[in-house]
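Just so you know, we're using numbering that gives the first Met the number 0 here: the sequence shown kicks off at 0 and counts up by one. In this text, a Cβ means the ideal position worked out from N, Cα and C, and glycines have one as well. These numbers come from a predicted model, not from an experiment. Here the structure is laid out as structure tokens; the discussion comes afterwards.
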Amino acid sequence: MLNVNNVQIVYDNVIEAVRDASLSVDEGQIVTLLGSNGAGKSTILKGISGVLYPEDGDIIGGTITLNGESLIGRKPDEIVRSGVVMVPEGRQLFEPLTVEENLMMGGITRSRSGATEALENVFDIFPRVKEKRSTIAGYLSGGEQQMVAIGRALMSSPRLLMLDEPSLGLAPQIIAEIFAAVSDLSKQNNVSVLLVEQNAELALSIASYAYIIENGRVVMDGPPDKLMDNEDVKEFYLGFS
Ligand code: ATP
């Protein structure tokens with residue numbers, strides 16, 4: 000459904016963050032992008048979700064299509080309406096607002112009944128979020144905030160959910176809960192997931208395909224078992240050889 004072909008992204012007319020990236024995500028599939036800090040993973044997600052600033056010299060080349068329709072040049076809100084939603088690194092919740100108010104922000108493009116239905120769906124996926132629905136978002140733990148950020152993205156019923164480092168700084172128990180929920184979303188609701196992760200072992204445990212990005216290029220790709228057999232992947236990403 001999502002096809003990214005030979006994409007190049009330059010910030011401020013000079014910083015070549017993505018040099019050549021091609022990847023695809025099928026319906027209901029979980030795909031992960033792995034790579035070290037600064038490799039260009041978040042920039043690829045920004046390019047897909049339209050949050051670059053051409054007026055400040057950000058340039059994007061190549062093609063990005065969703066079910067054959069180009070996403071390049073479309074505004075971020077149009078891209079959300081077409082079914083592609085990103086959960087940014089650091090979550091970026093409205094901290095003074097309650098959990099439910101944050102979630103309803105994600106349903107702003109929907110009718111009242113559509114948003115109420117989506118809210119119940121989020122509560123089914125994350126029962127912990129339902130328990131905290133009236134709590135101020137800034138008072139939640141990091142893991143609970145990540146659940147709210149994913150829940151807010153789900154309020155628009157996306158077909159493709161893009162997650163930027165969802166495990167960052169969280170305790171193992173809550174990471175396991177979040178990853179189980181993401182896995183269920185793809186299996187039960189047929190949502191496709193594009194997951195950027197530093198924790199390669201974790202990402203490869205739920206993905207069916209992975210791309211390794213280095214210096215703005217895709218340098219290797221394949222299903223998790225193939226990558227986990229590769230000596231370089233073992234040494235550099237999985238921490239053993
Ligand atoms: P990380 O895991 O650290 O987020 P990443 O693989 O997601 O790494 P990006 O955030 O995509 O990497 O960054 C790729 C390159 O682009 C880096 O050299 C970074 O410094 C640069 N970069 C990122 N955002 C901007 C920006 N808004 N303006 C200028 N340069 C940027």
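Pull up the distance between the alpha-carbon of Lys-131 and that of Val-190, whole angstroms please. Whole-angstrom Cα-Cα distance: 25 Å.
Do Phe-93 and Ala-152 count as a contact pair if the criterion is CB distance below 8 Å? With a cutoff of 8 Å on beta-carbon distance, Ala-152 and Phe-93 are scored as not near each other.
Ligand 1: which residues have Cβ under 5 Å from any of its heavy atoms, chain order? Spelled out in chain order, the answer is Tyr-10, Ile-14, Ala-16, Asn-36, Gly-37, Ala-38, Gly-39, Lys-40, Ser-41 and Thr-42.
Pro-95 to Met-103 span [Cα, whole Å]: Pro-95 and Met-103 have their C-alpha atoms spaced approximately 14 Å apart.
Using the C-alpha atoms, what's the distance from Glu-234 back to Glu-99? Glu-99 and Glu-234: Cα-Cα distance of roughly 43 Å.
Going by DSSP in three states, Ser-155 sits in which element: helix, strand or coil? DSSP, reduced to helix, strand and coil, places Ser-155 outside both helices and strands of the structure shown, so it counts as coil.
Is the beta carbon of Ile-59 sitting closer than 8 Å to the one on Ser-207? Note that the C-beta distance between Ile-59 and Ser-207 is not below 8 Å.
For Asp-245, report the span of its alpha helix (DSSP H) as first-last. With the chain running from 0 to 240 in the structure shown, residue 245 is simply not present.
Measure from the alpha carbon of Val-147 to the alpha carbon of each residue in Pro-157, Lys-129 and Arg-158, then state which is nearest. Among Pro-157, Lys-129 and Arg-158, the Cα nearest to that of Val-147 belongs to Lys-129.
Exposed or buried, what is Asn-36 when buried is set at 16 or more other beta-carbons lying within 10 Å of its beta-carbon? Asn-36 is exposed by the Cβ-count criterion.
Sub-8 Å separation of Ser-185 and Gly-82 beta-carbons: No, these two residues do not count as a Cβ contact at 8 Å.
Taking three-plus beta-carbon pairs below 8 Å as touching, is the region 55–72 in contact with the region 0–10? Yes: the two stretches touch, three or more of their Cβ pairs being nearer than 8 Å.
So, helix, strand or coil for Ser-23, using DSSP? For Ser-23, the three-state secondary structure derived from DSSP is strand.
Tell me whether Thr-108 sits in a helix, a strand or coil according to DSSP, three-state version. DSSP places Thr-108 in coil when its eight states are reduced to three.
With a threshold of 8 Å, are at least 3 pairs of Cβ atoms found where one atom belongs to the region 158–170 and the other to the region 188–205? Contact between the region 158–170 and the region 188–205 is established, with three or more Cβ pairs separated by less than 8 Å.
Mapping DSSP to helix, strand and coil, what is Ser-240? Confidence in Ser-240 is poor, its pLDDT being 48 and thus under 50, which makes the residue's placement unreliable; the coordinate value appears in the next sentence. If DSSP states are grouped into helix, strand and coil, Ser-240 belongs with coil.
Name the DSSP bridge partner or partners of Gln-7? Among the bridge pairs identified by DSSP, Gln-7 is matched with Gly-60.
With a 10 Å radius around its C-beta and 16 neighbouring C-beta atoms as the bar for buried, classify Glu-143 as buried or exposed. Sixteen is the threshold: when 16 or more other Cβ atoms of the shown chains lie within 10 Å of the Cβ of Glu-143, as they do, the residue is buried.
Those residues which DSSP pairs with Asn-2 across a bridge: For Asn-2, which the question treats as bridged, DSSP gives the partners Ser-23 and Thr-64.
List the DSSP bridge partners of Arg-216. Residue pairing by DSSP places Arg-216 opposite Asp-19 and Glu-213 in a beta bridge.
In chain order, what residues of the same chain lie with their CB nearer than 7 Å to the CB of Arg-90, ignoring the 5 residues before and after it? Around Arg-90: Gln-144, Gln-145 and Ala-148.
Output the boundary residues of the alpha helix (DSSP H) element that contains Val-190. Element bounds for Val-190: n/a, residue is neither H nor E.
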